[in-house]
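Asks: Going by this note's numbering, the residue at position 546 of the sequence shown is 547; the numbering climbs one at a time, nothing skipped.
Note that CB positions come from ideal geometry on N, CA and C, so glycine has one too.
Please find one structure pasted underneath; my questions will follow.
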Amino acid sequence: MTIRNTVRDHGQRYRPRMACLKKAERMLLEMQDPKTGVRSQPQRLVITTIPHAITGEDIVSWIAETFQIDASEAKNIGTMLVALGYIYPVQDHKRLVIKSDASLYRFQTPYFWPTQQWPVEDTDYAIYLAKRNIRKKGILELHEQEQYNRLHKWMNHKWDFIVMQAKEQYRAAKERKKPDRVVFDCQERAYWVVHRPPPGTVSAMDCGLDRRIDPNAEEPRTPDFYERIMIFTQQSIMRPRVKSSVSIAALVKYCATYNSHDPFLSKCLPSNPWLTDDVTYWNLTKPNVEIPTKMRVERWTFSFGELLSDPRGRDDFRLFLKKEFSGENLAFWEVCEDLKWGTAATMSEKAEQIYKTFLARGAPRWINIDGKTMEITVSGLRHPHRYVLDAAQTHIYMLMKKDSYGRYLKSPVFKDTLKKAIFPEEHKFTDAQLEHNSKNRRPSLSPVVLRQQEQEQRAKMAANAPVDITQLCRFTTPVPHLAVYSGITDPPSANTSPTLPFLTHSPACPSPISVALDSTSASERRVEPSEGGEGNLQAPASVCANVTKSRMPLSLRRLLKRGCSPANMFASLSPKYHSAAGSSSRIQPICPDQAGQAPPRRIGK
């Protein structure tokens, strides 16, 4: 086997999630001790004898007695040793598990231990497959045949060298004794089963990228090192102190709350898919399953964060808010999360769309936030970034947590969901069923497919969103104040009547986001009275003139001074009303032929 040693890191300090290898090696050395280790003896297998063979029952019993644990936990530890390649099965080499029976196992030679960190290259794997192809006379397993064809196509430029190496190793193996040849073949096959597992097999050697810095290395004592220690110490002094009894009580309460929901402390119902290869648990806990489990619904009552972190719970909460006509709060929180964790390329576009939909005057889904938060948010929109809407998002989050969340837990929506929730019973599998499940194991969906399904779900939700009734259409005259913030740029078509005006982005009628950024606060705005008289009833030629000449009283005092006459402020909200140049404060009749009524008498002081 042509494996080269390029990196010798026996401690595995630069590789994440591999710190258990050194402990596994120490345990393996104790198991091989001739006095206190696992008893081994030669075993007759078909026509040859396997030296130093051990049974799975002896391995499980030795681990249970040495570490004072039960048989199931000892079996899990033995399975971990087999999955890491320290112990390999002699007969059923595909199943990297420990069977607590008379199945034969052997200890792997230290040459093939994972801590040697041999680089697993495709050239070595191609030589191994070519050697097996020569020995088996072209009869390989299905996945090995597919890998052989793929490597042959990819390494066609050096395939002659690979075949030559395979023939040389095969010729050298025939010169050994038969027991030694059988043992080496088993060791090599076990190595490649661990590092090139068959399809559908979970590989225990999957790990992240190698670290560039050794986390165990001592940091040099530079001035920057001591400066960081001083800053950390100062921050620790300023941190508020809590009694240990209070902290311990909080930890105990948290553990007691989540005890039944922790898969390490309690059983997964109906079964643990990692142990039984049964996907029923995953089907019941899908993100958007129609009928959730009872434990999942009960978890929504722990905190408001638990409810929002579950997509199914968020859908249920959205249904409750829709019945209370406050669904815009949850929609705003979701789009803020999308802006925070989305791509940077669409950040500005999303920020402007959020402003038009939720924050602008006359927005279709306007949210109720205080003036200070609105001022901070609008000023931050001059330079949009991921966290520009954090203040408004926090305000809406606390509003839903303190007001809507409590009423949701008492609402018929939650009670109906809790009533329909299912409680699956525990399903115990026999050994034959477990073996059948492992053979029929199929890979899960790719993350790319899951991401596409999530995007389709979002598009479906956006299509079912409520329609903005304040938006303009071809058959209505634009509303002056609402049109400026809605930003409609529908150009006139050939079939459109020339008398119907359309709003365009111009210096006089700017875009919605620029109007919000360049304008002053609402308390400082003052609308100048129009110069036209009551008899001026002709429509203007431009909508922008309507914006400058419109009259909208901003205070109740000015409204009472003018009397109770309906102003453009109220008349413009009617979709059937046609504004008359914004110069008259009287509501014009719907029919143009109908005569206008006399204005009401003004109320004196």
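Which residues mark the beginning and the end of the alpha helix (DSSP H) in which Ala-422 is found?
Replies: The residue given as residue 422 occupies position 421 in the sequence shown. Unbroken run through Ala-422: none, as it is neither H nor E.
Asks: Among Leu-105, Val-91, Met-156, which has the Cα closest to the Cα of Phe-185?
Replies: On the sequence shown, residue 185 is found 184 positions in, with the first residue counted as 1. Checked all of Leu-105, Val-91, Met-156; the closest Cα to Phe-185 is Val-91.
Asks: If you draw a straight line from the alpha carbon of Thr-277 to that of Lys-324, how long is it in whole angstroms?
Replies: As a position in the sequence shown, residue 277 is number 276, starting the count at 1. As a position in the sequence shown, residue 324 is number 323, starting the count at 1. Between Thr-277 and Lys-324, the C-alpha separation is close to 43 Å.
Asks: For Phe-321, count the other beta carbons within 10 Å of its own beta carbon; 16 or more makes it buried, fewer makes it exposed. Which is it?
Replies: Walking along the sequence shown from the start, residue 321 turns up at place 320. In summary, Phe-321 is buried, with 16 or more beta-carbon neighbours lying within 10 Å of its beta-carbon over all protein chains present.
Asks: Fully enclosed by the stretch 104-163, which alpha helix (DSSP H) runs are 4 residues long or longer?
Replies: 123-137, 143-155
Asks: Assuming Ile-355 and Leu-340 form a contact by the criterion Cβ under 8 Å, report the distance between their Cβ atoms to the nearest whole angstrom.
Replies: Position 354 of the sequence shown, counted from the start, is the residue given in the question as residue 355. Position 339 of the sequence shown, counted from the start, is the residue given in the question as residue 340. Confirmed, Cβ separation roughly 7 Å.
Asks: Check the DSSP bridge columns for Asp-223 and list the partner residues they point to.
Replies: The residue you call residue 223 lines up with position 222 of the sequence shown. Reading the sequence as shown, one finds Thr at residue 223 and not Asp. According to DSSP, which records beta bridges pairwise, Thr-223 is partnered with nothing at all.
Asks: Would you identify the three-state DSSP class for Tyr-192, choosing helix, strand or coil?
Replies: Within the sequence shown, residue 192 is the residue found at index 191, counting from 1. Helix at Tyr-192.
Asks: Within the same chain, show all residues whose beta-carbon is closer than 6 Å to that of Val-121, passing over the 5 residues directly before and after it, in chain order.
Replies: In the sequence shown, counting from the first residue as 1, residue 121 sits at position 120. Closer than 6 Å at the Cβ level, and outside the excluded window around Val-121, lie His-196.
Asks: Quick check on His-53: does DSSP put it in helix, strand or coil?
Replies: Position 52 of the sequence shown, counting from 1, holds the residue named residue 53. In the structure shown, His-53 sits in a strand (DSSP, three-state: E or B).
Asks: State the DSSP-derived secondary structure class of Val-548, mapped to helix, strand or coil.
Replies: Here residue 548 refers to the residue found at position 547 of the sequence shown. Low per-residue confidence applies at Val-548: pLDDT is 40, beneath 50, and the placement is therefore not dependable enough to give any value.
Asks: Would you call the stretch 103-110 and the stretch 160-169 touching, i.e. three or more CB-CB distances under 8 Å?
Replies: Touching, no, given that fewer than three Cβ pairs across the two stretches are closer than 8 Å.
Asks: By DSSP, does Ile-230 sit in helix, in strand, or in coil?
Replies: Looking up residue 230 in the sequence shown gives position 229. Three-state result, Ile-230: helix.
Asks: Between Asn-289 and Arg-319, which are expected to be in contact by the criterion C-beta below 8 Å, what is the C-beta distance as a whole number of angstroms?
Replies: Translated into positions along the sequence shown, residue 289 becomes position 288. Translated into positions along the sequence shown, residue 319 becomes position 318. Going by Cβ atoms, the distance from Asn-289 to Arg-319 rounds to 12 Å, so no, they are not a contact pair.
Asks: Have a look at Arg-242 and Ala-251 and give me their C-alpha separation to the nearest angstrom.
Replies: Translated into the one-based positions of the sequence shown, residue 242 becomes position 241. Translated into the one-based positions of the sequence shown, residue 251 becomes position 250. A straight line joining the alpha-carbon of Arg-242 with that of Ala-251 spans about 15 Å.
Asks: Under a three-way DSSP split, which group does Tyr-171 fall into?
Replies: In the sequence shown, counting from the first residue as 1, residue 171 sits at position 170. Helix, per DSSP.
Asks: Measuring only the C-alpha atoms, how far is Arg-408 from Gly-363?
Replies: If you number the sequence shown from 1, residue 408 lands on position 407. If you number the sequence shown from 1, residue 363 lands on position 362. Cα to Cα, the separation comes out at about 28 Å.
Asks: How big is the Cα-Cα spacing for Ile-55 and Gln-42?
Replies: In the sequence shown, counting from the first residue as 1, residue 55 sits at position 54. In the sequence shown, counting from the first residue as 1, residue 42 sits at position 41. So the two alpha carbons sit approximately 7 Å from each other.
Asks: Using three-state DSSP, classify Pro-198 as helix, strand or coil.
Replies: The residue labelled residue 198 in the question sits at position 197 within the sequence shown. It is coil, neither helix nor strand.
Asks: Name the DSSP bridge partner or partners of Thr-294?
Replies: For this step, residue 294 is matched to residue 293 along the sequence shown. Beta bridge pairing from DSSP links Thr-294 with Ile-423.
Asks: Is the CB-CB distance between Val-39 and Ile-70 below 8 Å?
Replies: Position 38 of the sequence shown, counting from 1, holds the residue named residue 39. Position 69 of the sequence shown, counting from 1, holds the residue named residue 70. Not in contact: Val-39 and Ile-70 (Cβ atoms no closer than 8 Å).
Asks: Just list the residues that DSSP pairs Pro-90 with in beta bridges.
Replies: Along the sequence shown, one-based indexing puts residue 90 at 89. In the DSSP output, where bridge partners are listed per residue, Pro-90 has Tyr-106.
Asks: Indicate the three-state DSSP secondary structure (helix, strand or coil) for Val-8 in the structure shown.
Replies: As a first step, residue 8 is located in the sequence shown; it is residue number 7 there, counting from the start. Confidence in Val-8 is poor, its pLDDT being 44 and thus under 50, which makes the residue's placement unreliable; the coordinate value appears in the next sentence. It is coil, neither helix nor strand.
Asks: Are the beta-carbon atoms of Ile-397 and Ile-377 separated by less than 8 Å?
Replies: Looking up residue 397 in the sequence shown gives position 396. Looking up residue 377 in the sequence shown gives position 376. Going by C-beta atoms, Ile-397 is not nearer than 8 Å to Ile-377.
Asks: Can Val-183 and His-94 be called in contact, C-beta distance under 8 Å?
Replies: Indexing the sequence shown from 1 puts residue 183 at position 182. Indexing the sequence shown from 1 puts residue 94 at position 93. No, these two residues do not count as a Cβ contact at 8 Å.
Asks: Residues in the same chain with beta-carbon distance under 8 Å from Asp-279, minus the five sequence neighbours each way, listed in chain order, please.
Replies: What you label residue 279 is simply residue 278 of the sequence shown in a count that begins at 1. Here the set comprises Pro-271, Ser-272, His-428, Phe-430, Asn-438.
Asks: Just how far apart, CA to CA, sit Lys-1 and Glu-147?
Replies: Outside the modelled stretch of the chain, which goes from 2 to 606, sits residue 1, for which no answer is possible.
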